[in-house]
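Line by line, the protein sequences are chains A and B. To convert, note that position 317 of the first sequence is 317 in this note's numbering; the numbers rise steadily by one, no gaps. To convert, note that position 173 of the second sequence is 1173 in this note's numbering; the numbers rise steadily by one, no gaps.
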Amino acid sequence: MLVQLVHSILVVVLAVTVSVVYFITGNWILDRWSAKSNTPKAEKIRPWIFLFPALFLISLYLLYPAFETLRLSFFNNSGREFVGMQNYLWLFQDEQMRTTLRNNFLWLIIVPLLSTFFGLIIATLSDRVWWGAFAKTLVFMPMAISFVGASVIWKFIYDLRSTDADQIGLLNAIVVALGGEPMAWITIPFWNNFFLMVVLIWIQTGFAMVILSAALRGLSNEVIEASRMDGANEFQIFYKIMVPQILPTIIVVWTTITVIVLKVFDIVVAMTNGQWDTGVLANLMFDWMFRAADFGRGSTIALMILLGVIPIMYLNIKRLKQEDEI
Amino acid sequence: MMSGLRKLYLASPLRMLTHLLLLFLVVAWSVPTLGLFISSFRTADSIDSTGWWTSLAESSQNKRIRLAEANEQQNIGGQFLIEGVLFEDEKIKIVSFGESFKTFTDTSAGDSLTLKNGTELIISEDGHYQWTSDEVFMHKRGKRIFVNVLIPPTFSLDNYHYVLFSEGLGKAFLNTLTVTIPATIIPILFAAFASYAFSWMQFPGRKILFVIVVALFVVPLQLSLIPLLSLYSSIGAYLDFSAKSYPGVWLAHTGFGLPLAIYILRNYMIGIPREIIQSARVEGASHFQIFVKLILPLSLPALAAFAIFQFLWVWNDLLVAMVFLGTSSDQIVMTTKLRDLMGTYGGDYEILTASAFVSIVVPLSVFLGLQKYFVKGLVSGSIKE
């Protein structure tokens, strides 16, 4: 067993050595060459030696596959026969697909909204109490937990036992204590989507909180104190002064969580495996790709996910250009 | 005036409300994990029969149990006596007992009860019982009685022992480490060089290349899976090598992690004062020397921030592992294993809870230990200061 670990450490050493040798010899050859020919050409090539490994891997693992997926979406299940728009037509006629799109839409609206909302509330509250740092750590903690681990945690909360036994799931125990009937939460179509979303909201709130808390700290105290003197109450200060000022950060948080939501896969796979009408695009794509081995339809679904992130990509690029001009 | 208003706020009910609301939210956010943690130390029986929140107090349970058989009786001066103890576990306390489900609360421990057949039964609090009769006991199977008992909270590491050594989770733990270490270090290395070029070297297309790289950061992983898997199988077939291998996963995580790495590192490196680099250039240092001796040490906080990101991301990843790694015992990682356990042992919470906690403990310690860097990295990636 340990052999394997030693092996992986050796790989790291090897990878580091190979890269260092690559960079050193690349530079050395350039230095020799520029010394001989005495031209500035060497300095023009040097950046590309620095860039090559990263750009090569990015092209191979992100750029090339994106175009290949686009191509495959016009082909049949084996990827050999051109079928035109058939996969896209199928996409909009398939019953299961409609449920999936509806679910994805719900996820996209609700998870970023509630994560940002709770994150903002907790960030604001914790800046006002002496145990704020401790509170933040506890809320932030789920960020370190894998989506699968989180699914185990929440499956335990949603657990259902027969009505005459003690409920061991926290949610049903509370429901019973309040006089209600225990329910199989994750199998109730439509509403079960919300119970799965809770898991992601639980994880992402910590992220939203940390970023928003940093933004709130950056606000000038003078404006806030001045408005307090003018008789504004705490709620007015929050809504009318703090929130508008950190709006750009709220948008960044919102879009980052949106990107994560679009790729959500683990939670659904682990908790319901897409049963009981809980499927989302990423899971449907996985099913078509591996269970049905249909590369055409799998690729088409993957492109739908890309379609969702394109507006965000556009926003990011715009932001980047603005930053560069300043 | 200002301090007066401030005092008013501090003394107001609003302040109480702030504390209470935050307390409520924090409890709501930590209780789920706490439940998993506590449950992982409980026995299968107790997880299955009572909620984890009851496990810290003594639990009252009703049990059916059989008394000893007739061949254990002793004849003491014409009286027949069967002695014994109800539970092996000395910590279990008897509260009351009885002959049927309806009457078992009627007789308290220590009192004597006359059974329907005329025999006498005394059960003391510690579970020792004396069953006496004027006639010879003739029964074959021990008599069944009902008891109400108090069971003290018991916690053990048995579940952990079981999942680590019998369920193969220990091996999965090592596999996860094998995936994570190279997949964290290799992208840092490549990204550091590229970020230096993007920050401090002149070349045509610098801006547009950087924009493309950062734009790729949001491209969904799903888009890459099918083409890469085809590529891997054809390369694998050509080299007579399995398409599912560790190097394949390392490179995949490297490719997927590079855009974020370059973004974070470049943002940091470009903030290093120009004078430092220029004076080094004037003294005749090459780009390579500047990078190794100046930039790398100065960029340590950003390198650490990204390392934590990538480590958590790779450790917690399920999708890439499911696609690019097999499920045999020498390749399966913890997330995949956990997902399998959820499928096969849907209700075996003693296995699930302990396994989940094993998979959580490393990222959680990394996270708690290096939280400062992690937060800095997150913030610098999202807010331009």
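Where a beta carbon is used, it is the ideal one built from N, C-alpha and C, also for glycine.
Asked, Found
"Mapping the DSSP letters down to three states, classify Arg-1015/B as helix, strand or coil.", "helix"
"Could you check what DSSP says for Asn-316/A in three-state terms: helix, strand or coil?", "helix"
"Give the list of continuous alpha helix (DSSP H) stretches no shorter than 4 residues that lie fully inside the segment 1277 to 1311 of chain B.", "1287 to 1290"
"From the DSSP secondary-structure annotation, give me the bridge partner or partners of Ser-1112/B.", "Ile-1122/B"
"Under a CB-based cut-off of 8 Å, is Gln-1331/B close to chain A?", "no"
"Looking at C-alpha atoms only, which residue of Thr-1050/B, Val-1136/B, Pro-1363/B is the closest neighbour of Ile-1076/B?", "Val-1136/B"
"Leaving aside the five residues before and after Phe-1217/B along the sequence, list all residues of the same chain whose C-beta is less than 6 Å from its C-beta, in chain order.", "Pro-1259, Leu-1260"
"Please report whether the beta-carbon of Asn-76/A lies at a distance below 8 Å from any beta-carbon of chain B.", "no"
"Please compile the residues from chain B whose C-beta is within a distance smaller than 7 Å of the C-beta of Gly-274/A.", "In chain order: nothing, as chain B lies at least about 13 Å away."
"Taking all protein chains shown into account, decide if His-1253/B is buried (16 or more other Cβ within 10 angstroms of its Cβ) or exposed.", "buried"
"Is the CB of Gly-119/A under 8 Å away from at least one CB in chain B?", "no"
"Between Ile-145/A and Ile-1360/B, which are expected to be in contact by the criterion C-beta below 8 Å, what is the C-beta distance as a whole number of angstroms?", "5 Å"
"Under three-state DSSP, which class holds Gln-1061/B?", "strand"
"Between Val-261/A, Ala-15/A, Val-6/A, Gln-4/A, which lies nearest to Phe-1190/B when the distance is taken from Cα to Cα?", "Ala-15/A"
"Would you mind telling me which residues of chain A sit closer than 8 Å to Asp-1048/B, beta carbon to beta carbon, in chain order?", "Ile-168"
"DSSP three-state call for His-7/A: helix, strand or coil?", "helix"
"Is there a Cβ from chain B that is less than 8 Å from the Cβ of Asp-164/A?", "no"
"Tell me whether the segment 1310 to 1326 of chain B and the segment 1177 to 1193 of chain B touch, counting them as touching only if at least three CB pairs, one residue from each stretch, are closer than 8 Å.", "yes"
"Taking only beta-carbon positions, decide if Gln-1079/B is within less than 8 Å of chain A.", "no"
"For a test of the three-state rule: what should DSSP assign to His-1161/B, helix, strand or coil?", "helix"
"Which of the three DSSP states, helix, strand or coil, is assigned to Gln-1073/B?", "coil"
"I'd like the span of the beta strand (DSSP E) that includes Phe-1080/B, first residue to last.", "1079 to 1085"
"If you drop the 5 nearest sequence neighbours on each side, which residues of the same chain put their C-beta closer than 7 Å to that of Met-209/A?", "Gly-119, Ile-122, Ala-123, Lys-136, Val-139, Phe-140"
"Are the Cβ atoms of Val-1163/B and Gln-1061/B separated by less than 8 Å?", "no"
"Looking at Glu-1090/B: is its Cβ nearer than 8 Å to the Cβ of Ile-1145/B?", "no"
"First and last residue of the beta strand (DSSP E) that includes Phe-195/A?", "Where Phe-195/A is concerned, there is no enclosing beta strand (DSSP E), although the alpha helix (DSSP H) it sits in stretches over 191 to 217."
"Short of 6 Å in beta carbon distance, which residues of its chain neighbour Trp-154/A, apart from the five on each side in sequence? Order them along the chain.", "Val-199"
"I'd like to know whether the C-beta atoms of Ala-1354/B and Asn-1159/B end up nearer to each other than 8 Å.", "yes"
"Which residue comes first and which comes last in the beta strand (DSSP E) that contains Gln-1130/B?", "1128 to 1133"
"Does Pro-1297/B come within less than 8 Å of chain A when only Cβ atoms are used?", "no"
"Does the beta-carbon of Thr-1050/B have 16 or more other beta-carbons within 10 angstroms, so that it is buried, or is it exposed?", "buried"
"How big is the Cα-Cα spacing for Thr-187/A and Pro-65/A?", "36 Å"
"Which whole-angstrom value is the C-beta distance of Asp-277/A and Thr-99/A, which I expect to be below 8 Å?", "5 Å"
"Comparing the C-beta of Met-1002/B with each C-beta of chain A, is any distance below 8 Å?", "Confidence in Met-1002/B is poor, its pLDDT being 47 and thus under 50, which makes the residue's placement unreliable; the coordinate value appears in the next sentence. Chain A contact via Cβ: present."
"In this structure, does DSSP put Ser-1329/B in helix, strand or coil?", "coil"
"With a cut-off of 8 Å, does the C-beta of Val-1149/B fall near any C-beta of chain A?", "no"
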